[in-house]
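2 protein chains.
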Amino acid sequence: MSILIKNAAILSLDNEGKFSWLEGDIFIKGDIIEKIGRKLDVKADVVIDGKDKAAIPGFVNAHTHAAMTLFRGYADDLPLDIWLNKKIWPVEAKLTPEDVYWGVKLAILEMIKGGITAYGDMYFFMDEEAEAVKEAGIRASLSVGLIAVSGDPSIKLKEAEDFVARWNGEAEGRITVMFGPHAPYTCPPDFLKEVVSAAEQYGVGIHTHLAETKKEVEDMYKLYGKSPVKVYEEAGVLNLHVLAAHCVHLTSDDIEILKNNEVFVVHNPQSNLKLGSGVAPVPEMLKKGISVALGTDGAASNNNLDIFEEMRTAALLHKGINCDPTLVTASEAVKMATLWGAEALGLKNVGRIEPGKKADIVLLDFNAPHLQPKIDNLAQIVYSAGSADVNTVIIDGKIVMKDREVLTLDEERIFKEVQKRVKRLISN
Amino acid sequence: MSILIKNAAILSLDNEGKFSWLEGDIFIKGDIIEKIGRKLDVKADVVIDGKDKAAIPGFVNAHTHAAMTLFRGYADDLPLDIWLNKKIWPVEAKLTPEDVYWGVKLAILEMIKGGITAYGDMYFFMDEEAEAVKEAGIRASLSVGLIAVSGDPSIKLKEAEDFVARWNGEAEGRITVMFGPHAPYTCPPDFLKEVVSAAEQYGVGIHTHLAETKKEVEDMYKLYGKSPVKVYEEAGVLNLHVLAAHCVHLTSDDIEILKNNEVFVVHNPQSNLKLGSGVAPVPEMLKKGISVALGTDGAASNNNLDIFEEMRTAALLHKGINCDPTLVTASEAVKMATLWGAEALGLKNVGRIEPGKKADIVLLDFNAPHLQPKIDNLAQIVYSAGSADVNTVIIDGKIVMKDREVLTLDEERIFKEVQKRVKRLISN
Numbered sequence: 050m051s052i053l054i055k056n057a058a059i060l061s062l063d064n065e066g067k068f069s070w071l072e073g074d075i076f077i078k079g080d081i082i083e084k085i086g087r088k089l090d091v092k093a094d095v096v097i098d099g100k101d102k103a104a105i106p107g108f109v110n111a112h113t114h115a116a117m118t119l120f121r122g123y124a125d126d127l128p129l130d131i132w133l134n135k136k137i138w139p140v141e142a143k144l145t146p147e148d149v150y151w152g153v154k155l156a157i158l159e160m161i162k163g164g165i166t167a168y169g170d171m172y173f174f175m176d177e178e179a180e181a182v183k184e185a186g187i188r189a190s191l192s193v194g195l196i197a198v199s200g201d202p203s204i205k206l207k208e209a210e211d212f213v214a215r216w217n218g219e220a221e222g223r224i225t226v227m228f229g230p231h232a233p234y235t236c237p238p239d240f241l242k243e244v245v246s247a248a249e250q251y252g253v254g255i256h257t258h259l260a261e262t263k264k265e266v267e268d269m270y271k272l273y274g275k276s277p278v279k280v281y282e283e284a285g286v287l288n289l290h291v292l293a294a295h296c297v298h299l300t301s302d303d304i305e306i307l308k309n310n311e312v313f314v315v316h317n318p319q320s321n322l323k324l325g326s327g328v329a330p331v332p333e334m335l336k337k338g339i340s341v342a343l344g345t346d347g348a349a350s351n352n353n354l355d356i357f358e359e360m361r362t363a364a365l366l367h368k369g370i371n372c373d374p375t376l377v378t379a380s381e382a383v384k385m386a387t388l389w390g391a392e393a394l395g396l397k398n399v400g401r402i403e404p405g406k407k408a409d410i411v412l413l414d415f416n417a418p419h420l421q422p423k424i425d426n427l428a429q430i431v432y433s434a435g436s437a438d439v440n441t442v443i444i445d446g447k448i449v450m451k452d453r454e455v456l457t458l459d460e461e462r463i464f465k466e467v468q469k470r471v472k473r474l475i476s477n
Numbered sequence: 050m051s052i053l054i055k056n057a058a059i060l061s062l063d064n065e066g067k068f069s070w071l072e073g074d075i076f077i078k079g080d081i082i083e084k085i086g087r088k089l090d091v092k093a094d095v096v097i098d099g100k101d102k103a104a105i106p107g108f109v110n111a112h113t114h115a116a117m118t119l120f121r122g123y124a125d126d127l128p129l130d131i132w133l134n135k136k137i138w139p140v141e142a143k144l145t146p147e148d149v150y151w152g153v154k155l156a157i158l159e160m161i162k163g164g165i166t167a168y169g170d171m172y173f174f175m176d177e178e179a180e181a182v183k184e185a186g187i188r189a190s191l192s193v194g195l196i197a198v199s200g201d202p203s204i205k206l207k208e209a210e211d212f213v214a215r216w217n218g219e220a221e222g223r224i225t226v227m228f229g230p231h232a233p234y235t236c237p238p239d240f241l242k243e244v245v246s247a248a249e250q251y252g253v254g255i256h257t258h259l260a261e262t263k264k265e266v267e268d269m270y271k272l273y274g275k276s277p278v279k280v281y282e283e284a285g286v287l288n289l290h291v292l293a294a295h296c297v298h299l300t301s302d303d304i305e306i307l308k309n310n311e312v313f314v315v316h317n318p319q320s321n322l323k324l325g326s327g328v329a330p331v332p333e334m335l336k337k338g339i340s341v342a343l344g345t346d347g348a349a350s351n352n353n354l355d356i357f358e359e360m361r362t363a364a365l366l367h368k369g370i371n372c373d374p375t376l377v378t379a380s381e382a383v384k385m386a387t388l389w390g391a392e393a394l395g396l397k398n399v400g401r402i403e404p405g406k407k408a409d410i411v412l413l414d415f416n417a418p419h420l421q422p423k424i425d426n427l428a429q430i431v432y433s434a435g436s437a438d439v440n441t442v443i444i445d446g447k448i449v450m451k452d453r454e455v456l457t458l459d460e461e462r463i464f465k466e467v468q469k470r471v472k473r474l475i476s477n
């Protein structure tokens, strides 16, 4: 199958990391971007009119818990311990594999509609999530969440290994996997070392939460006399490819360690704000050259899976609280949402529109009042656009959304299944 | 003309300030909400199906500079002095009355599409803005911006008086007016006193910027030995109905003064973040019982005119930076965006869906993945919904948007006029 996108404004990234716009065509053959240029003289199975549209790399939601769409709007404006202990954990305990399957489908539907072409997840009943990913046509890095402070950790690790063996590279390579030790406070150092050796054995990375709350940091100092980042370093975790979500409470030493170990940080600004966790030192990390991606976190702490909003919040928040309007530029925000997100998931040929890269492309419709006038497309995308401006989504060379209709998922069925299950889950 | 909205989820506010949802019908006669109830037995000229829709009071964008949509995406990520001196002021100097007219039309188009039914503005060429408001069918409180540190202040004040006399109560009462002394640093106390006596004479309020930046506060201390709020108090400004935009840098004494004088504060969280101004002490003001509304500010410092985003940012930001997830609840955010916005504009019969009130009503379509499941509509609106979920907008009893098509404005013409004018404005 081949696709030709004609006359779009194409977002290109040069070798110095500078974005520019090229008016022209994109030719996609199979899953790969084959050619980019003005008035390409090629024949394609499908031709898409790109007029008044911007072609940008698909967004990457580098950290979420997709199935938690089931709990959107269920627990808000509450103290963190009540949110977790009285609301989230009790309903999570009731989840069935099928609940997760439908919650994930709702999440993927929402993400595709918002231009997200790849995401990173850590949760449970991950076989069902992988099935949903396979069917929906999205790209995902999936991890079984590992908590070693309850149950039998070795059985859990074995299950995670089985998942890794079963799913890595499946769905024409759209599914990749990592090990998912939940956090330093739920995975003691001895267990972390076992996870590290399993990850080394399978040649995959680590997806984890790190330094999310002040309490986590205080608890780590009480238990081990050191910061969560240092605990991970000493357990050997940081020798691997690590996607570390949150990184809100860091010392300058911690930032140095993250830099030296090439850790991929995922900033979840809206979730961190909503749960009252605080604000990650993103400008400091960017200045050090740390790769910072964006994530929505789960819908129970956000409450949507919208990377436009995370881009915008990241670009605005750090300017405001540091009283410096030059911090986190539009260009940086777009890189966080695309290329650096792909890097965090370990995807080397995703995240930019360039010949030879995977065809994960989003067409944004600029024919909307909030995107006029046409002055600076990049600023309009970061500071003014929204999910509803996404018109067409191509993942792995396949059109998964056309004119806002997702072709791979049955929206009505998903809404019904989710509503039915939620009714059961939140009843006493 | 009469309208019947059938089977919607209607947002009601009781006398204790508690929101609840009523499944039922709304009957509108002329510009007034006549009846609300289940299965109303009435005949209407137009019947709207409210199934799967929420009927909420129209949003109020209590502080903006509508015509600045012309500069959206023109100046971003810059230090404040360069943004103002090198970018915004030079292009503003080139503006013609017709430019303002078309910029305002673009703004109103965007605002209606985002569910905004009333807004507050201070700018120049306000006759052209008033004409645009009249034609578009929106409600607005308009003020001629007054800067006394250049030109002849008395001529400017006279022009503002003429504007007030000409437009107050026009467009079937949709247009109201205030005097618009720009800020304490551009309006010395003697001039402020003249404005106050003009406002008293005409029986109208004051729309102003107050305590927006740290520099403003420092300059006021240097010049007068007191805070901007105190300068306004001593000039007699606070004896009137005052809509004070920003109020970012306040002492606890300032907050006390705002409370005692019943000042209506307008919080512009995204603008304050983007320009690096800081974060207003909203939780402290709410605790004191100060009425805090929401504004987008102009599009050059936002960059859109979207009250969903301001609601969400207000609800998230204060939780995050105070590490307290119970601050600025969904319910408070909705009040800031509706009832308290109407109060700030001095509109006593707008801002809630109740018999006898003006029919300014927005229908939100809940048939979208990011608004599923249906658990808590209020939380979904604040934490997950967006402008594109607005389906129908009724202002003053007239349908101005139906199924996302704005009936009072010519979208294509507006885009063309704006693009043409912007080309001239930003050329050297």
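Quick note, the sequences are listed as chains Z and P, same order.
This note's numbering puts the first residue of the first sequence at 50, with every later residue one more than the last.
This note's numbering puts the first residue of the second sequence at 50, with every later residue one more than the last.
Beta carbons: idealized from backbone N, C-alpha and C, even for Gly.
All values reported here derive from a predicted model rather than from experimental measurement.
Tell me which residues share the same chain as residue i and place their Cβ nearer than 7 Å to its Cβ, disregarding the 5 neighbours each side in the sequence.
i	result
E243/P	L206
I137/P	F120, A124 and A349
A93/P	S51, I52, L53 and F76
K96/P	Looking at the sequence shown, residue 96/P is not Lys but Val. Here the set comprises L53 and K55.
Does any residue of chain Z bring its CB to less than 8 Å from the CB of residue i?
i	result
G435/P	yes
D459/P	no
L127/P	yes
P374/P	yes
T378/P	yes
Q250/P	no
N56/P	no
G325/P	yes
N352/P	yes
F464/P	yes
With 8 Å as the threshold, decide whether the Cβ of residue i is near any Cβ in chain P.
i	result
R473/Z	no
G181/Z	The amino acid at residue 181/Z is misidentified as Gly; the sequence shows Ala. Answer no: the Cβ-Cβ gap between A181/Z and chain P never drops below 8 Å.
R121/Z	yes
D98/Z	no
V467/Z	yes
D355/Z	yes
N321/Z	yes
For residue i, which residues from the same chain have a beta carbon less than 6 Å from its beta carbon, with the 5 sequence-adjacent residues on both sides left out?
i	result
A115/P	V153, A156 and D170
F212/P	M175 and V193
D148/Z	R470
V326/Z	Looking at the sequence shown, residue 326/Z is not Val but Ser. Excluding residues within five positions, the ones whose Cβ falls inside 6 Å are E261, T262 and V297.
G99/P	I54, K55, N56 and A57
M360/Z	A382, A386 and V431
V280/Z	P233, M269 and Y273
What whole-angstrom Cβ distance do residue i and residue j have, given they're in contact under 8 Å?
i	j	result
F108/P	P146/P	Between P146/P and F108/P the Cβ distance is about 28 Å, and since that is not below 8 Å, they are no contact.
E197/P	P233/P	Per the sequence shown, residue 197/P should be read as Ala rather than Glu. About 11 Å; that fails the 8 Å criterion.
N110/Z	Y168/Z	4 Å
A348/P	V314/P	Contact doesn't hold; Cβ gap of about 22 Å is too wide.
K88/P	F415/P	Actually they are not in contact, since the Cβ atoms of K88/P and F415/P sit about 21 Å apart, beyond 8 Å.
V449/Z	T457/Z	5 Å
Within its chain, find whatever has a CB closer than 8 Å to the CB of residue i; leave out the 5 residues flanking it on each side and keep chain order.
i	result
F411/Z	The identity of residue 411/Z in the sequence shown is Val, whereas the question assumes Phe. Only A104, I105, P106, G107, F108, G164, T166, V439, T441, V442 and I443 meet the Cβ criterion.
E208/Z	V193
K304/P	According to the sequence displayed, residue 304/P carries Ile and not Lys. P330, E333, M334, K337 and I339.
Q | Interface positions of the segment 149-170 of chain P facing chain Z (Cβ-Cβ less than 7 Å), listed along the chain | A | L155, L158, E159 and K162
Q) Should the segment 73-83 of chain P be called in touch with the segment 389-408 of chain P, which here means at least 3 C-beta pairs below 8 Å? A) Touching, per the Cβ criterion.
Q) Got a sec: which bits of the segment 414-434 of chain Z sit with their beta carbon under 7 Å from any beta carbon on chain P, in order along the chain? A) Listed in sequence order: P418, H419, Q421, P422, K423, I424, D425, A428, Q429, Y432 and S433.
Q | Residues in the segment 358-374 of chain Z having any Cβ partner in chain P nearer than 9 Å | A | E358, R361, T362, A364, L365, L366, H367, K368, G369, I370, N371, C372, D373 and P374
Q. Contact between the segment 183-190 of chain P and the segment 372-379 of chain P: three or more CB pairs below 8 Å?
A. no
Q.
Under 8 Å: do the segment 256-269 of chain Z and the segment 295-306 of chain Z share three or more Cβ pairs, one atom per stretch?
A. A contact exists between the segment 256-269 of chain Z and the segment 295-306 of chain Z.
Q) Is the segment 377-395 of chain P close to the segment 424-438 of chain P, with three or more CB pairs under 8 Å? A) yes
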